[in-house]
Amino acid sequence: MRIAQATLTPLRLDLLQPLKTARGTHSAREGFLVRLVDEEGRVGLGEAMPLPEFGTESLADCGTTLRAWLSALEGQFLGDSVRAIEDTLSPFPPEVARGEGVRIRSKQPTPEGPMPAAEHALELALLDLLAQRQGVPLCWLLAEEARPEVVVNALLGAEGPEALAEEARAAVAEGYGTLKLKVAGRPLEEDEQRVKAVREAVGPDVKLRLDANGGWSEPDAKRALDKLGWYGLELVEQPTPPEDLAALWRVQRRAPCIVAADESLGSPEALRALLAVDPLMGGGPAVGAVVLKPMVLGGLLPCLVVAMRAARLGMQSYVTSSLDGVVARAGAAHLAAALPSGALASGLAVGRLFAHEPPAHPYRPVEGHIRLPQASGLGLDLKLLGG
């Protein structure tokens, strides 16, 4: 295929209400939309939504890098295969994400260091274009037996117990069977009241997961899970700081639920240890699951490699958004459909948190599921995105 045109458009997504995590409060997300047009007029879409506190580059560096790459790509011929896309993007070892730049000879200077959000945007646009050229849904490029739909959880954004309970009841009424709420960054007593309110509101059968975003110390994590575990948790994401994989391993050994590594995957060193055969000389996997954020790991293909390696070590995997737009969530849904297992719900139902979510698109969850469109590529209508 030949890249006849490559354009970059700034994006801003405002949240209906600020979302507080242990790493900060977000009221909006900013990034870029990538459009690649081939010689026959097909349009491939990609999205970059940097989140530096999770391990990506800054917004400014992402924009500078993408402009240089897209300028260099215009007029270039690329092969019609996933391997050609991998060759265009930088090679990556099986146990780590890319993060070392791309094989594009740009005349414009680019910032140094890993650029996972920029790589994600470019890879997704190329995969979308390739799948359209082959006439298949994007997930078919990732797995021959991709699932037609993925289960997703509802992210609860309210702060107080009463508001959380109301939000939880509404999510269950919409068909969600898994709920997730942010914890840490506040006194444990407050978190307990919040978790208790949700559990009492939805009953014992709804799955409940927590996300600490690395906000607890190891002693605090053990104390918190001893107390919150009474409310029937499915899993907890990143209870301890991401750089301390040994603490994560020790918490998993006594936790009443699955411990999932999230922010730890943003560190190449921690990721290598996590995916080692016996990472901490303790016998068995370091955690029960890994959380795949394509925006942080540099694209769908590196995420799939991590998921396959994790599965061989006995760890489950699921995909979550980095509070991304429709294009990135569409790509993440195709990745989730291609994972070795779909047992754990993916965190891709965040559109309800944004003020100006397109009113109708094929990746809007219905009864706690996203059914992938059978159209080729991502199957997104450019009119929904203002294109």
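So the sequence shown is residues 10 to 396, counted in our numbering.
Just so it is clear, CB atoms sit at the ideal spot from N, CA and C, and this is done for glycine as well.
Just so you know, these numbers come straight off a predicted model, no measurement behind them.
The stretch 39-57 makes no contact with the stretch 347-360; the number of CB pairs closer than 8 Å stays below 3. At a cut-off of 4 residues, the continuous stretches assigned as alpha helix (DSSP H) that sit fully inside the stretch 289-354 are 303-306, 309-321 and 335-347. Relative to glutamate 49, the option among Ala298, Trp78, Pro118 and Arg11 whose CA is nearest is Arg11. In the structure shown, glutamate 56 adopts extended strand secondary structure according to DSSP, grouped into three states. Measuring C-alpha to C-alpha distances from threonine 249 to each of Ala269, Gly224 and Gly241 identifies Gly224 as the nearest. Put simply, of Gln26, Met304 and His129 the residue whose alpha carbon is nearest the alpha carbon of leucine 60 is Met304. Contact check for leucine 188 and valine 207: beta-carbon distance about 6 Å, within the 8 Å limit, so the pair qualifies.
With a threshold of 16 other beta carbon atoms within 10 Å, alanine 37 falls short and is exposed. Here the alpha carbon of cysteine 266 sits roughly 43 Å from the alpha carbon of threonine 73.
Where arginine 92 is concerned, the enclosing alpha helix (DSSP H) starts and stops at 91-97. Beta-carbon to beta-carbon, valine 260 and alanine 285 are separated by about 19 Å, too far to satisfy the 8 Å threshold. Excluding the 5 residues flanking it on each side, alanine 358 has same chain C-beta neighbours closer than 6 Å at Val161, Ala163 and Pro374, in chain order. Within its own chain, the residues whose Cβ lies closer than 6 Å to the Cβ of glycine 238, once the five positions on either side in sequence are excluded, are Pro265, listed in chain order. Across the structure, leucine 79 and proline 19 are spaced so that their CA atoms are roughly 14 Å apart. Our two residues, glutamine 85 and alanine 13, have alpha carbons roughly 8 Å apart in a direct line.
In this structure, leucine 133 lies away from aspartate 47, with their beta-carbon atoms at least 9 Å apart. Between glycine 275 and glycine 64 the beta-carbon gap is near 3 Å, inside 8 Å, which marks them as a contact.
With fewer than 16 neighbouring CB atoms inside 10 Å of its own CB, glutamate 198 falls in the exposed class. Between the alpha carbons of valine 296 and valine 52 lies a distance of about 40 Å. When the Cα atoms are used, glycine 166 and glycine 377 turn out to be separated by approximately 17 Å. Contact annotation, alanine 342 with valine 43: C-beta distance approximately 18 Å; criterion of less than 8 Å not satisfied. Membership of aspartate 70 in the alpha helix (DSSP H) is indicated by the continuous run 68-82. For glutamate 154, the secondary structure class from DSSP, reduced to helix, strand or coil, is coil.
The three-state reading of DSSP puts proline 61 in helix, counting H, G and I together. When secondary structure is reduced to three states using DSSP, glutamate 39 falls in the strand class. Annotation: the continuous alpha helix (DSSP H) that includes leucine 237 extends over 227-237. Apart from the 5 residues on each side of it in sequence, glutamine 247 sits with its Cβ closer than 8 Å to the Cβ of Asp220, Ala221, Asn222, Gly223, Leu257, Ala269, Ala270, Asp271, Glu272, Ser273 and Val300 in its chain, given in chain order.
With respect to the C-alpha of valine 215, the residue from Lys236, Glu183, Gly194 and Ser226 having the closest C-alpha is Glu183. As computed with DSSP, aspartate 23 is found in a beta bridge with Ala37. Using a Cβ distance threshold of 9 Å, tyrosine 185 and leucine 217 do not count as a contacting pair.
Residue state for glycine 275 is assigned as helix, using DSSP reduced to three classes. For proline 371, the CB contacts under 7 Å within the same chain, skipping 5 residues up- and downstream, are Pro382 and Gly388 in chain order.
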